[in-house]
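Novice: The structure that follows is given in the form of structure tokens.
Number of protein chains: 6
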Amino acid sequence: MSDDPRLSPGMREQLELGYVFGGLSTFGQRPFLTDPEQLDEWSPDVAIVGAPLDITTTNRAGARFGPRAIRALAYEAGTYHIDLDLEIFDHLDVVDFGDAHCPHGDAAAGHANIRSRVAEVASRRIVPIILGGDHSITWPAATAVADTYGYGNVGIVHFDAHADTADIIDGNLASHGTPMRRLIESGAVPGDRFVQVGLRGYWPPAETFSWMREQGMVWHTMQEIWERGFQAVLDDAVAEALDRADHLYISVDVDSLDPAHAPGTGTPEPGGLTSADLLRAVRELARRHDVVGMDVVEVAPAYDVSDLTVNAAHRLVFEALGGMAARKRDNAG
Amino acid sequence: MSDDPRLSPGMREQLELGYVFGGLSTFGQRPFLTDPEQLDEWSPDVAIVGAPLDITTTNRAGARFGPRAIRALAYEAGTYHIDLDLEIFDHLDVVDFGDAHCPHGDAAAGHANIRSRVAEVASRRIVPIILGGDHSITWPAATAVADTYGYGNVGIVHFDAHADTADIIDGNLASHGTPMRRLIESGAVPGDRFVQVGLRGYWPPAETFSWMREQGMVWHTMQEIWERGFQAVLDDAVAEALDRADHLYISVDVDSLDPAHAPGTGTPEPGGLTSADLLRAVRELARRHDVVGMDVVEVAPAYDVSDLTVNAAHRLVFEALGGMAARKRDNAG
Amino acid sequence: MSDDPRLSPGMREQLELGYVFGGLSTFGQRPFLTDPEQLDEWSPDVAIVGAPLDITTTNRAGARFGPRAIRALAYEAGTYHIDLDLEIFDHLDVVDFGDAHCPHGDAAAGHANIRSRVAEVASRRIVPIILGGDHSITWPAATAVADTYGYGNVGIVHFDAHADTADIIDGNLASHGTPMRRLIESGAVPGDRFVQVGLRGYWPPAETFSWMREQGMVWHTMQEIWERGFQAVLDDAVAEALDRADHLYISVDVDSLDPAHAPGTGTPEPGGLTSADLLRAVRELARRHDVVGMDVVEVAPAYDVSDLTVNAAHRLVFEALGGMAARKRDNAG
Amino acid sequence: MSDDPRLSPGMREQLELGYVFGGLSTFGQRPFLTDPEQLDEWSPDVAIVGAPLDITTTNRAGARFGPRAIRALAYEAGTYHIDLDLEIFDHLDVVDFGDAHCPHGDAAAGHANIRSRVAEVASRRIVPIILGGDHSITWPAATAVADTYGYGNVGIVHFDAHADTADIIDGNLASHGTPMRRLIESGAVPGDRFVQVGLRGYWPPAETFSWMREQGMVWHTMQEIWERGFQAVLDDAVAEALDRADHLYISVDVDSLDPAHAPGTGTPEPGGLTSADLLRAVRELARRHDVVGMDVVEVAPAYDVSDLTVNAAHRLVFEALGGMAARKRDNAG
Amino acid sequence: MSDDPRLSPGMREQLELGYVFGGLSTFGQRPFLTDPEQLDEWSPDVAIVGAPLDITTTNRAGARFGPRAIRALAYEAGTYHIDLDLEIFDHLDVVDFGDAHCPHGDAAAGHANIRSRVAEVASRRIVPIILGGDHSITWPAATAVADTYGYGNVGIVHFDAHADTADIIDGNLASHGTPMRRLIESGAVPGDRFVQVGLRGYWPPAETFSWMREQGMVWHTMQEIWERGFQAVLDDAVAEALDRADHLYISVDVDSLDPAHAPGTGTPEPGGLTSADLLRAVRELARRHDVVGMDVVEVAPAYDVSDLTVNAAHRLVFEALGGMAARKRDNAG
Amino acid sequence: MSDDPRLSPGMREQLELGYVFGGLSTFGQRPFLTDPEQLDEWSPDVAIVGAPLDITTTNRAGARFGPRAIRALAYEAGTYHIDLDLEIFDHLDVVDFGDAHCPHGDAAAGHANIRSRVAEVASRRIVPIILGGDHSITWPAATAVADTYGYGNVGIVHFDAHADTADIIDGNLASHGTPMRRLIESGAVPGDRFVQVGLRGYWPPAETFSWMREQGMVWHTMQEIWERGFQAVLDDAVAEALDRADHLYISVDVDSLDPAHAPGTGTPEPGGLTSADLLRAVRELARRHDVVGMDVVEVAPAYDVSDLTVNAAHRLVFEALGGMAARKRDNAG
């Protein structure tokens, strides 16, 4: 980035100061764009969008501070991906497009603003990566992506402890437990375009799983992963994703990770994935599939310890970027 | 539970409020019974009993607050066990029978009260699940169970980093490092009824292991698990347990978990089980064997982070309940 | 309480076990009543009501867990008030009346339920003490009290860093920054019945203070307290409260305390009261005035350290109970 | 700020999103300028500069993350100063001028860069407010200010537990324990221009105090404050500051606060100021004197709890801004 | 210390390394003596003794780790007491005499060993300063001191939230709530030799206060301090102590401090002393009276934050040493 | 140790008190030697040396407190290695040789002192085990070892997330990111004597890996471990180490562990080793190879939770000691 003529020398310096604990806290020390016209001017491959909304959570709150914490982490030792053997940002132009406005206590307005800010990105065929916020934000975010690529043309691989396919929770249709049902019902992402990974615990109830089965949804529980090993399940999930749609949206609830790896989240469920597994899964998907959108949600810093979860969320985005960069390099080669 | 005629409408509501952060903090939002006669009236399958005693610990204290913390967690997203495909409480009637009185600084009195409160439960052929407290509470608790089913008729699968078979520690016969020796010596649970899983580290000394061998005890170290994989060892442990006694008592020291999964405990030892492994092990045992008692001990909230350990303890009980419910369903089928 | 014939022996024991870290977590180990009819049967002086609602906060969330944390603290070394020279519960019959149902993400329903549960208490001329929850709960709670004693007949002494008299926040009329405006507008508690103590910082804006002045509100800033000393200001506040209405409602936002004394809250503002000051103020008011309702709000355990704030909240209620008990004793004398 | 034509609509929105947990983390949600020419274009009254350097600390490190943490706090309920009755930013144009480059492990280079970045500000007669970093940064920062106003023309009121007048520490002339000596020796700020407030504990040794006395330095220990009260000492300190120089630089080490109020610092010393005292002192100085520079140093987030110290540091700057705004308003009036 | 011929060059260096985070963790980097004969050889003025026993606590445990944490803090910026204008260790020879053996779960044995280790010190007319441990350790510690100076010849100034004069707690005569009763009953320290400072809250009950009155005990509650100011009360306490006995033992429970200043303790009670007050009180007593023993108890690191309490405990000892050094200097002068 | 005639009875007791939370905090409760001559007198097999230097870190600081924290942990349940079936200290004489002097802010002086203190140990053919400090300390430490055994005669197995082979970081040749390059360049440990395990993430850049390849370095990334399993990779690493040099130095950066297992470190990188894996690897190497030196670095207690990382570091040394003891026993047998 250091010789990008679109940045003033002072701006370049401030972004780079992330390396020494200072400067502007933007995601990965990338340029911060504020207005849609700047997206036209820059025409990046990927734009980060924050969605600081957490008022639909059913247990511990705090994901409202997720985007800020992930950006504040902005320390970066380097951007060369060891396993992929590439400088991520040599192949992929990434910007930080700021946050959607999520007003206090008004989930509907927040969701509308998220949809419209993500649409500014997706409609330009720039890949939005959304930092939650709670999982309800996937409804507007993935809808905005489907609006561009066509309803039914986008599949979702969804990492989570919970299926998030409830119909309604305490009267709320747009809860963090219902986004996948809404996407299916609206046709934005039909049920048979879904692959879920990491389910465990005691929710949702049996009738919801029946409904999911009827929709053609596919899921891999932790029990299956425990029995077959993660590599085998991941291979299946990648294949299933490729089968199901031309374009892929990845939705990562950090509670798919075991609480030992991601304590800073709202509804932790023991017995989850390791960070090693999840990081590789995301990278592999991004490398093998045409990713057109992604979110990382449910990072609640107040419950985090030593930035474990914030750090994991940051790296999950980096692995996706690495995979996308490698795909672009390989396709160009 | 919501239409149980034994509960007043207000009591039903208060128990259910656990779903929205409120109401009475009982284990899993189950009814709280206080008097033995209520056990007769309700005749549940399982009764939770707290044993808030921690004055025999040899390193960090604090397990006195274990039962309270596990109950205060009482948030519940659901009670449908995904992997077992059943609503736990449709098959199993579970109540919270409160705590044994563990007076300050008087381990002997606490142990006596634990034995007698657990006996109130076990003597009615209700399965007691005891929330510790330090591991010394297994002596009175398992004795009370053996009193009902007959000395020698109950086997113990014991998950722990430490064998807890010392003879005496600093003059203390009823330390958290000695309960298994006491059970063996009294004949309540003979040594050849024991299967231990998770041992590691630097204690007890060689002579204790010799004594254990003489008693016919069986154990599986983390080293063995590391070499053979947990599934293989678990299969052995289940088979050994079935061989050894008609009835099973499960004793879970949360320090069998790796400290990354259970930091909130008194004597953490790196290199332990994952929560995924331990949750499955407990469920499998409960499903395959006639469980007549269980304890989960050494949860020290002051050393916990983000409720990792409290959460794990809560789920360990839920997995046992799930396994017991599945066994009951399958046997009924 | 130990010989109260309305409690079974087992229930008495379980309540008393709070002394040794166990038993039922009710406020101050008081009996837990669940149904309104029990209020008739018991006819206590005071009933504790939880209001676990925090979705109107404008900064850090988490007060939803306030009531549970305050109850879980239930350790009690004693109930003899040293400075008042009385056994609190010898003079005052106090029960825990559980929580109002505050469904996920639906502030309106929660507020309605809070109003109705508090009304069950207040309409029986029992004094409700409400544990928040965020400060929005004062609107329904104080309204329910005014419904009983008559609009205009209840004054409020309000301890807070913030006046909470905004008209509307991000479209929300029932935010935690607006309850006092709502009470004034509805006539439940006219502006000239208000005394505010502890204001500081940078909010609300000048026009709000103008409006407050027009309503006849009285307030004492930390600046005034810093200049005149707390004792002098407290004397004024007590006198003003006595002047303004026959009955008193005390509303305590724990952020009136300095963050050093109450870090576990949503909108901490440095430069506040010490716990010594606030405890005495509450006691003095309760002793000198006819308190008919009280709330303690904005306790957010996720941001607390070593239970500083939870502990302070618990003691604030105890000081109010102590003051009320002394008043009853002195009036009886 | 919302209609400032120099900001694009998108930039305005992103800055304002600090109110709802999002957007750019700049100090107080002020515009972030990166290049010196922007200072000419904007010509603000005050510019915030970060100095993330902490490698000269003699106990706990971590102040390198101070500027980032103070900015990340950027939640703002309002900007109306209650006690001063003014909208701070209506009277004072404030920008965030980013950070000086403080390379890893090279204190000399960091100090040079701090001096030069502060000089960019001060030389334009804009008031720099520097966020540390450890206290060594006061040497270059105050020197840069004195370079503009003339050696000897700037006085310093220095709040601290420690005099920071050592000659050399472990061979280091530019330690966080020596900046005041360096300023005095160079003539930038002669000793008789210094007023120190808050000294306590066991350092520096007697000979350093003798040297300080020879330089004409004035100091007020916590012992004096404890005996005479803070108001009296503050009155003296203000008067002394006015006597000593035409211009004032305020240097605030957060360890002047008691550790209960500012645990997140490197060398905490019990027995310090309350936040109420220090906030008022800073405001009063800024209102009564011509402040030409200020720093707030030694905020070490890794040792902070619940943002107590970060919050205090943020408010210390706000109180200075409030005082400066009031002075400007009053002088204009 | 650096040229003390009794220390080898390597030992001197290792002790001094406390200044740079290393070396041996002894109290204040003083020489660590292990055998009583070394006391004869060194003949110091003061010897630090640890008493890591916490099994008599009635709420949160953990003071067993108090001595270790206070020693591990051993960072020392200096040893010149600013307010007293003296180098503490130029006037006072202080050593660390290690810990008494407090075996697991055996309070009686621990108390016996504490008494005997303190006696090794006191009987040589060296002043023991005991680091607790819970408050029960004052019984054996102060008894050992009275054994030397004569029963009735030693007065105690006791800083605490609680009077600790219960007769028996849950059957325990040697609880942390009973030491003062035991000292009075045995005649070691008659009741009319006691001055208590800091009492507040709800314990002990009225009848205990009656008994205290009968014994001639004097106490100053926080309520009195709040009304009269700490200086006035301290002046009284110093005078009362001088009146009552030739020699003084100071017993400091850190819960005399407000929990904001000392969160790391077992039974925190809001509304206590500031560290500024308590530090000055201890120093003043040590300077004005012939201190022959002291303890600092109830430091529970697991509940501490950012070492607030550990730091305060360390400084409380330093203030006592400072006061004693000044007394010695002044008497010599 | 208890009958070692070189220790006085009191010293023996104080060292053993580590078992009950007290006494001297030395590593593993081993005797603390201070002067080189004592090394001659004792002639131990292994000497622990602390290197509390952390000023070369590029992200979070705090490893300066690593040695102190690891020693303060000194609780020890036992020293019998279950899997190796031996009492560690029956076969291996281990002492604590204190710390190297690492003056504030002067890395060069610290490095020189580390080299010289390690040389005191290594030159006597005693195995030094160095507790860091940041990773820069490996340069002087391993050089001191190579000085004894000959340049090129010592191989290094290096566990780390990062290769630490940068040439220069911000002008610093002796950074914590450069030690391996310095060792290779000086010839102390040629590149083809290195085996690295655990590399992952985004640093160093491609050109550094090219340089590493040219030097003949061998490395195993987490990606390889994820694909092949740790056992297979460990077998290779052991074989490679045996091939490469007669003597082995083990360098363990705790960030080779996953942050879930070692949060308390400066540059955490998700996706790392489990403690179970790393403990076994270290033991296996120590048993199969002639270990002549070892370090455990980058333990930063301020970022640790519940002592997870400190505990792991302590056990890593114990596993090395266990492996060395077993090798000695087996060779003797």
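Line by line, the protein sequences are chains A, B, C, D, E and F. Residues 1 to 333 in the numbering used here are what the first sequence spells out, letter by letter. Residues 1 to 333 in the numbering used here are what the second sequence spells out, letter by letter. Residues 1 to 333 in the numbering used here are what the third sequence spells out, letter by letter. Residues 1 to 333 in the numbering used here are what the fourth sequence spells out, letter by letter. Residues 1 to 333 in the numbering used here are what the fifth sequence spells out, letter by letter. Residues 1 to 333 in the numbering used here are what the sixth sequence spells out, letter by letter. Ideal Cβ positions, reconstructed from N, Cα and C, are used throughout, including at glycine.
1) In chain C, what lies closer than 8 Å to Tyr303/A by C-beta?
2) Taking only beta-carbon positions, decide if Phe360/B is within less than 8 Å of chain C.
3) Once DSSP output is grouped into helix, strand and coil, what is the label at Pro128/A?
4) Give the secondary structure of His91/D by DSSP, where H, G and I count as helix, E and B as strand, and everything else as coil.
5) Give me the residue from Val157/A, Asp35/A and Tyr80/A with the minimum Cα distance to Gly98/A.
6) Since His158/E contacts Thr57/E with CB under 8 Å, what's their CB separation in whole angstroms?
7) Could you compute how far the alpha carbon of Glu16/D sits from the alpha carbon of Phe230/F?
8) Give the residues of chain D in contact with Leu39/A, contact being defined as C-beta atoms less than 7 Å apart.
9) Can you tell which of His220/E, Ile156/E, Pro204/E and Ala119/E has the C-alpha that lies nearest to the C-alpha of Phe194/E?
10) Could you tell me which residues DSSP pairs with Tyr80/C in its beta bridges?
11) Taking all protein chains shown into account, decide if Asp354/D is buried (16 or more other Cβ within 10 angstroms of its Cβ) or exposed.
12) Ser275/F touches chain B at which residues, Cβ-Cβ below 9 Å?
13) Looking only at C-alpha atoms, which of Ala281/B, Met212/B, Tyr80/B and Gly66/B sits nearest to His162/B?
14) His261/F and Ala312/F look like a contact to me (Cβ under 8 Å); what is the Cβ gap, rounded to whole Å?
15) Output needed for Leu24/D: all residues of its chain with C-beta closer than 7 Å, excluding positions within five of it in sequence on either side, in chain order.
16) Going by the CB atoms, is the gap between Val95/B and Trp42/B shorter than 8 Å?
17) Using alpha carbons as the reference points, say which of Glu214/C, Val254/C and Ala51/C lies closest to Pro128/C.
18) Between Val218/D, Arg64/D and Ser306/D, which has its C-alpha nearest Ala237/D's C-alpha?
19) Who are the neighbours of Ser25/F on chain B, taking C-beta pairs under 8 Å?
20) With 8 Å as the threshold, decide whether the Cβ of Ile48/C is near any Cβ in chain E.
21) So which residues on chain B does Thr79/F lean against when the C-beta distance must stay under 7 Å?
22) Give every residue of the same chain whose Cβ lies closer than 8 Å to the Cβ of Ile168/C, excluding the five residues on either side of it in the sequence, and list them in chain order.
23) Measure from the C-beta of Gly18/B to each C-beta in chain F and report whether the shortest distance is under 8 Å.
24) Excluding five sequence neighbours on each side, which residues of the same chain lie with their C-beta closer than 7 Å to the C-beta of His135/B?
25) Closer than 9 Å by beta-carbon distance: list the chain D residues that pair up with His314/A, in chain order.
26) Gly62/E and Pro301/E - do their beta-carbons sit closer together than 8 Å?
27) Using only CA atoms, which one of Ala77/F, Thr274/F, Thr265/F and Ala245/F lies nearest to Asp258/F?
Specialist: Reading it off the structure:
1) Per Cβ cutoff of 8 Å: Ala302.
2) Residue 360/B lies beyond the range of chain B shown here (1 to 333); nothing can be said about it.
3) Residue state, collapsed to three classes: strand.
4) His91/D: helix per DSSP, three-state reduction.
5) With respect to the C-alpha of Gly98/A, the residue from Val157/A, Asp35/A and Tyr80/A having the closest C-alpha is Asp35/A.
6) So it is not a contact: roughly 18 Å between Cβ atoms.
7) Taking the straight line from one Cα to the other gives about 50 Å.
8) What Leu39/A touches in chain D: nothing, since even the nearest Cβ is about 10 Å away.
9) Of the candidates His220/E, Ile156/E, Pro204/E and Ala119/E, the residue whose Cα lies closest to the Cα of Phe194/E is Ile156/E.
10) Bridge partners of Tyr80/C: Glu87/C.
11) Residue numbering for chain D in the displayed model covers 1 to 333; residue 354/D lies beyond these limits and cannot be assessed.
12) Near Ser275/F (Cβ distances below 9 Å), the residues of chain B are Asp258, Pro259, Ala260, Pro270, Gly271 and Gly272.
13) Among Ala281/B, Met212/B, Tyr80/B and Gly66/B, the Cα nearest to that of His162/B is on Met212/B.
14) A Cβ-Cβ distance of about 6 Å is found for the pair His261/F and Ala312/F, placing them in contact under the 8 Å criterion.
15) Excluding positions up to five away in sequence, the list reads Gln14, Leu15 and Phe32.
16) Taking C-beta atoms as the reference points, Trp42/B and Val95/B count as a pair closer than 8 Å.
17) In this structure, Ala51/C is the residue among Glu214/C, Val254/C and Ala51/C with its C-alpha nearest to the C-alpha of Pro128/C.
18) Taking each of Val218/D, Arg64/D and Ser306/D in turn and checking the Cα distance to Ala237/D, the smallest one comes out for Val218/D.
19) Those do not exist, as Ser25/F stays about 15 Å from chain B at its closest Cβ, beyond 8 Å.
20) Under the Cβ distance rule, Ile48/C does not count among the residues neighbouring chain E, no pair being separated by less than 8 Å.
21) By Cβ distance, chain B contributes Tyr202.
22) Excluding residues within five positions, the ones whose Cβ falls inside 8 Å are Ser175 and Thr178.
23) Not a single CB atom of chain F sits nearer than 8 Å to the CB of Gly18/B.
24) Correct list, in chain order: Asp164, His176, Pro179, Asp253, Val297 and Glu298.
25) Simply none; closest approach about 14 Å.
26) Yes. Within cutoff.
27) Taking the Cα of Asp258/F as reference, the smallest distance to any Cα among Ala77/F, Thr274/F, Thr265/F and Ala245/F is reached at Thr274/F.
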